[in-house]
Amino acid sequence: MFSKRDKLFFLSLLPLSISLLAVLVVSVTTIALRSLDALQHFGLALFASSIWNPEREVYGLLAPVIGSLTTSAIALLTALILSIPLAITIAEYLQGALKSVVSSIVELMGGMPTIVYAVWASQYLVPFLKQFAMEPLHSALPFIPLFSCKPVTGFSVFAAGVAIGISIVPYVTTLILEAYQSIPVMYREACYGIGATRYESIKILLSLARPAIIAALVLGFARALGETTIAVTTVGNSMYLSSCLFAPGYTVSALIASQFANAYLYQYAETVLYSSILVVVLIAIALSFYGSTTIVRWRLRVVV
Amino acid sequence: MYSWRKLREKLFTCLIIALSVLAIAPVLHIILTVFVNGFAVIAKAGTSFFTDLPPTPLSKDVGGIAPSIAGTLLMTAISLPIAVTLGLFAAILTAEFPSNPLSLAVDAIAKPLASIPTIAVSMIVYTLVVVPMKSFSALAGAVALAVIALPYTYTYFSTALRSVPSVYREAAFAIAMSRWGAVVRVLIPVARKALTTGVLMTVARVMGETAALLFTAGRFRTGVSFSPTAPADAIPLLIFDYILSPYAVWHQVAWGATALLLLAYLMVFLATKLIVKEVRL
Chain V
628 MFSKRDKLFF LSLLPLSISL LAVLVVSVTT IALRSLDALQ HFGLALFASS
678 IWNPEREVYG LLAPVIGSLT TSAIALLTAL ILSIPLAITI AEYLQGALKS
728 VVSSIVELMG GMPTIVYAVW ASQYLVPFLK QFAMEPLHSA LPFIPLFSCK
778 PVTGFSVFAA GVAIGISIVP YVTTLILEAY QSIPVMYREA CYGIGATRYE
828 SIKILLSLAR PAIIAALVLG FARALGETTI AVTTVGNSMY LSSCLFAPGY
878 TVSALIASQF ANAYLYQYAE TVLYSSILVV VLIAIALSFY GSTTIVRWRL
928 RVVV
Chain E
50 MYSWRKLREK LFTCLIIALS VLAIAPVLHI ILTVFVNGFA VIAKAGTSFF
100 TDLPPTPLSK DVGGIAPSIA GTLLMTAISL PIAVTLGLFA AILTAEFPSN
150 PLSLAVDAIA KPLASIPTIA VSMIVYTLVV VPMKSFSALA GAVALAVIAL
200 PYTYTYFSTA LRSVPSVYRE AAFAIAMSRW GAVVRVLIPV ARKALTTGVL
250 MTVARVMGET AALLFTAGRF RTGVSFSPTA PADAIPLLIF DYILSPYAVW
300 HQVAWGATAL LLLAYLMVFL ATKLIVKEVR L
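Line order of the protein sequences matches chains V and E. In this text, residue positions in the first sequence follow the working numbering: the first is 628, and each later residue adds one. In this text, residue positions in the second sequence follow the working numbering: the first is 50, and each later residue adds one.
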């Protein structure tokens with residue numbers, strides 16, 4: 628397959644360039660090995676209750692796992708509502724200097740350290756959401772279980788979801804924008820050719836890009852799942868499992884951030900935490916693998 | 050009928066623009082509040098903010114964040130070459146052998162690798178580096194940072210190398226250059242600006258990372274240390290601890306440190322923009 632010279636070149640690149648593969652394998656193996664103890668000792672019962680009591684070596688990870696999934700779902704909803712319009716605005720409505728300024732702002736948001744979001748969210752966003760979203764929703768719709776509890780501090784699953792959502796908006800927007808702009812121009816011409824208005828043509832183009840948009844959202848969900856700093860500062864850190872979004876909760880990464888430092892003092896605490904992150908890592912890797920291959924396949928189909 | 054279509058068009062445009070404004074409003078508010086709060090603290094503390102140790106919880110004085118600045122500089126300096134070297138080699142491999150199964154595999158796992166939560170990386174490095182070394186260290190922190198930066202660095206670099214038109218490579222082979230020669234003397238020089246941007250983006254990612262350092266770097270805040278094997282602090286780590294604390298003076302320090310971090314990030318970001326502006330092949 629290779630000529631001799633090519634083979635030498637290939638081999639000289641090999642040792643350093645397989646680092647990505649090595650890192651992935653080593654990471655997953657390490658977490659899996661470290662969580663074996665907990666999985667053998669507690670079995671699946673570990674994910675059936677919500678308790679964190681290392682003194683008595685009793686653990687249950689239901690609340691953080693559910694909390695991670697709920698916050699990510701809220702984050703996804705937030706990102707969905709904001710990202711698609713932002714992508715459309717950049718692609719359809721803005722031109723020239725304004726377009727490049729807004730694209731740069733999106734890029735700026737995307738690379739901004741999450742700790743900056745976390746500081747802002749805990750000091751400004753949470754009180755704002757408490758006053759203008761949680762309290763109105765609670766007093767207007769108290770009979771819906773999701774809104775049934777009175778927001779006390781504001782630090783809650785809901786606040787964490789919105790805060791994480793805001794932080795993944797640039798990521799999801801970039802993915803949607805890439806997909807939207809890679810639709811060949813002939814589709815748009817065809818839309819205008821049959822007399823469609825801009826709204827109608829956007830609707831058609833969006834439906835064409837739907838698989839890629841869903842994949843972008845899946846990737847966003849995977850990213851929201853692992854978010855740590857924003858989650859710890861806004862979720863309220865409580866092991867109590869509630870059906871209400873306005874009650875403080877936990878996410879897996881928030882639990883680890885607050886408990887891992889002292890976990891070595893107890894027999895099973897560390898390995899329990901490793902098994903909790905194992906769940907998140909496996910879901911995140913599977914989702915992002917699915918998302919990125921879907922986008923590639925969509926591009927091959929639509930963009931010839 | 051006709052007027053309904055026209056009205057719907059207008060309503061749709063208004064809704065889209067309004068939601069877009071809502072989408073970018075947070076970042077503007079973040080920059081505003083961080084700078085207003087943070088620079089007030091830095092102005093109050095003066096230059097000692099960069100040279101002093103952090104205050105005790107009940108002190109009146111704001112003090113400084115010198116240990117964290119030193120730690121961030123040190124860990125960035127250690128992790129950057131690791132991530133850049135590994136990322137560059139992987140990018141050369143996938144750019145030079147695009148259809149090789151190994152290249153396809155490397156390319157396919159870049160996104161999943163980036164999706165591993167950073168706190169998981171912190172736990173992995175804790176097991177593999179901190180426990181065997183029996184102490185937290187700047188080195189462990191830097192390894193965690195390099196692991197997190199690697200998939201991003203690889204993606205920047207491979208995009209940069211693939212954007213080089215193939216005529217350059219063909220020209221290099223036409224004058225009997227070896228494959229390595231073509232890479233080192235043609236491919237990399239042609240893509241140098243995009244590659245530099247990639248390095249800067251890596252710096253931006255590495256210096257702002259928090260969760261990766263939680264269980265790796267340690268939290269050495271009682272002096273300025275530049276030893277790789279000793280525990281170190283980092284600016285994001287300090288912000289994280291202090292903003293979660295109940296003490297007013299620590300909150301102030303956290304705001305000051307956040308403003309400093311954001312300013313550094315904005316400067317790196319601006320630098321990447323200035324470089325990209327010049328790229329015209």
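Backbone N, C-alpha and C define an ideal beta-carbon position, used for all residues, glycine too.
Cβ pair count under 8 Å reaching 3, the segment 252–259 of chain E against the segment 282–300 of chain E: yes
Listed by chain order, chain V residues near E:Trp299 by CB distance under 7 Å: Here the premise fails: no neighbours, minimum Cβ distance about 12 Å.
Below-8 Å beta-carbon distance, E:Gly257 vs any chain B residue: Among the protein chains in the structure shown, which are V and E, there is no chain B.
C-alpha distance - V:Glu827 paired with V:Cys818, whole-angstrom precision: 8 Å
V:Thr855 at chain E interface by Cβ criterion, 8 Å: yes
E:Ile237 versus E:Thr202: straight-line alpha-carbon distance, rounded: 15 Å
is_contact[V:Gly738, chain E] using C-beta, thresh 8 Å: yes
Test: E:Arg234 CB closer than 8 Å to a CB of chain V: no
Coarse secondary structure for V:Gly738, derived from DSSP in three states: helix
At least three beta-carbon pairs within less than 8 Å, the segment 304–319 of chain E to the segment 154–164 of chain E: no
Terminal residues of the alpha helix (DSSP H) in which V:Asn889 lies: Val879 to Ala890
Alpha carbon of E:Leu210 to alpha carbon of E:Glu219, nearest angstrom: 15 Å
Backbone secondary structure at V:Leu651 - three-state DSSP: helix
Nearest-angstrom beta carbon gap, V:Val784 and V:Val935 [assumed within contact, 8 Å]: This structure leaves residue 935 of chain V out entirely; chain V is present only between 628 and 931.
Between the CA atoms of V:Ala881 and V:Gly853 - distance to the nearest angstrom: 10 Å
Endpoints, the alpha helix (DSSP H) within which V:Val685 is located: From DSSP, V:Val685 is part of no alpha helix (DSSP H) but of the beta strand (DSSP E) over Val685 to Leu688.
Cβ separation of E:Ala193 and E:Leu122, assumed to be a contact under 8 Å, to the nearest whole Å: 16 Å between Cβ atoms; not a contact.
Close Cβ partners of V:Leu721 (< 8 Å) along its chain, the five nearest in sequence each way excluded: Val729
Candidates V:Ser646, V:Ile711, V:Leu689 and V:Arg632: closest to V:Ile803 by CA position: V:Ile711
E:Lys168 to V:Ala700 span [Cα, whole Å]: In the sequence on display, residue 168 of chain E carries Ile and not Lys. Taking the straight line joining both Cα atoms gives about 20 Å.
Start-end ranges of the beta strand (DSSP E) lying completely within the segment 799–828 of chain V, minimum 3 residues: none
Cβ shell of V:Leu768 (< 6 Å), same chain only, five flanking positions each side left out: Phe774
Per-residue DSSP class, three states only, for V:Ser775: coil
Bridge partner(s) assigned by DSSP for V:Ile678: V:Gly687
Burial state of V:Gln808, where buried means 16 or more other Cβ atoms lie within 10 Å: exposed
Inter-stretch contact (C-beta, 8 Å, three-pair minimum) for the segment 123–130 of chain E and the segment 238–253 of chain E: yes
E:Thr134: contacting residues in chain V (beta-carbon distance under 8 Å): Leu643
Candidates E:Phe98, E:Ile141 and E:Ala306, of which the one nearest V:Ser639 by Cα: E:Ile141
Rounded separation between E:Arg228 and V:Gly820 - CA only: 50 Å
Proximity test, Cβ basis, 8 Å: E:Leu323 and chain V: no
Residue of V:Leu704, V:Ile732, V:His765 and V:Thr716 minimising C-alpha distance to E:Ile66: V:Thr716
Beta-carbon proximity list for V:Val930, same chain, < 8 Å, skipping 5 on both sides: Ser809, Ile810 and Pro811
Interface flag, V:Ala849 vs chain E, CB-CB below 8 Å: yes
Nearest-angstrom Cβ-Cβ length linking E:Thr246 and E:Thr321, presumed shorter than 8 Å: 5 Å
Spatial distance of E:Ala144 from E:Val233 (CA atoms): 13 Å
Contacts that E:Trp53 makes with chain V (C-beta to C-beta distance below 7 Å): By Cβ distance, chain V contributes nothing, its closest Cβ being about 11 Å from E:Trp53, past 7 Å.
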